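Its first residue numbered 27, the sequence shown is counted upward by one per residue in the working numbering. Virtual Cβ for every residue (Gly too), placed ideally from N, Cα, C. Here the structure is a predicted model, which is why all the values come from computation and not from measurement. All remarks here apply to the structure that follows.
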Amino acid sequence: MESSPIAPTTGIQQSPYEFLESLSLWVHPEARLLICFDDNCKHAISPNGSHPTNHLRDKHKISLSRRKGLRKVLATLDLKNPDQAAPLADGSLEDKKLRSYDGFSCLHCKYRTINLTLIIQHYSQDLPNYPQHPRRFSRKADIETYF
27 MESSPIAPTT GIQQSPYEFL ESLSLWVHPE ARLLICFDDN CKHAISPNGS HPTNHLRDKH
87 KISLSRRKGL RKVLATLDLK NPDQAAPLAD GSLEDKKLRS YDGFSCLHCK YRTINLTLII
147 QHYSQDLPNY PQHPRRFSRK ADIETYF
């Protein structure tokens, strides 16, 4: 990785990834998503426009001098919008930079939710299509998501 002058106010040479990490930002290597891994967030943020700088300013109170150059760095990376991201694969290893939720998964399809009402609704709408009506229609699941 090439070094580039990212923090001109301090005279420090950093790679783009070191600069992002100093702001609690990380690029998910497979999904190409910008992840805010601050303990209060742990989710993907849109890389478009002023959204990343506004996020850091409004949510984390990061000064303009620390954010300087962020837009330029992000423009050099091939990042996707979180709305375009495919869900994480079943059985993926837990990533500490993403928030993990307790939730429910359907035993008949790949439907997942953290909301008990939604899993019940899923079954009330779709259960007649299933070959059997089991007593246990869902299982507890750890759900990790980009959002």
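Asked: H77 - DSSP class collapsed to helix/strand/coil; Found: helix
Asked: F63 (DSSP reduced to helix, strand or coil); Found: coil
Asked: Nearest-angstrom beta carbon gap, R138 and S131 [assumed within contact, 8 Å]; Found: 5 Å
Asked: Cα-Cα separation between H54 and Q39, rounded to whole angstroms; Found: 23 Å
Asked: C-alpha gap between I145 and D64, whole angstroms; Found: 30 Å
Asked: Y149 versus A111: straight-line alpha-carbon distance, rounded; Found: 26 Å
Asked: Close-in-space but distant-in-sequence residues of the same chain around N74 (CB under 8 Å, 5 per side omitted); Found: N107
Asked: Where I145 falls: helix, strand or coil (DSSP); Found: helix
Asked: Environment of A70 [buried if 16+ CB atoms lie within 10 Å]; Found: buried
Asked: Straight-line gap, L136 to G129 (C-alpha atoms, nearest Å); Found: The sequence given here has Lys at residue 136, not Leu. When rounded, the distance between both Cα atoms is 13 Å.
Asked: Spatially closest choice to G95 from E44, Q147 and Q151, by CA coordinates; Found: E44
Asked: Nearest neighbour of S76, chosen from L46, K68, C67 and R93 [CA to CA]; Found: R93
Asked: Backbone CA spacing between Y127 and T143 [nearest angstrom]; Found: 16 Å
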